[in-house]
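Per UniProt numbering, the sequence shown starts with residue 1, numbered consecutively.
Report on the following structure.
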Amino acid sequence: MTEAKELDLIWGVGPIGKEIGRTYQQTYHMIQAGHLPPVRQVGQRYVASRRALIEFFMKEAAA
1 MTEAKELDLI WGVGPIGKEI GRTYQQTYHM IQAGHLPPVR QVGQRYVASR
51 RALIEFFMKE AAA
């Protein structure tokens, strides 16, 4: 398996926000309010799988 396939992680609120088209503050608020279940806190940082974020929003759009 290639490294690109193994590591589809997005680290940090800013990069996660860019991935979903939101500002840092909007993304942080969504994480704190529990609206982004794929995002996890690891120590002092937030991390999400790019694939999990896409799947989450695809399910939301279909609902």
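For each residue, glycine too, the CB sits at the ideal point set by N, CA and C.
query	result
Residue 104 - DSSP class collapsed to helix/strand/coil	Beyond the ends of the chain as shown, which are 1 and 63, falls residue 104; an answer cannot be given.
Contact set for R40: own chain, Cβ-Cβ below 8 angstroms, skip 5 residues either direction	Y46, V47 and A48
Collapsed DSSP secondary structure at V42 in the structure displayed	strand
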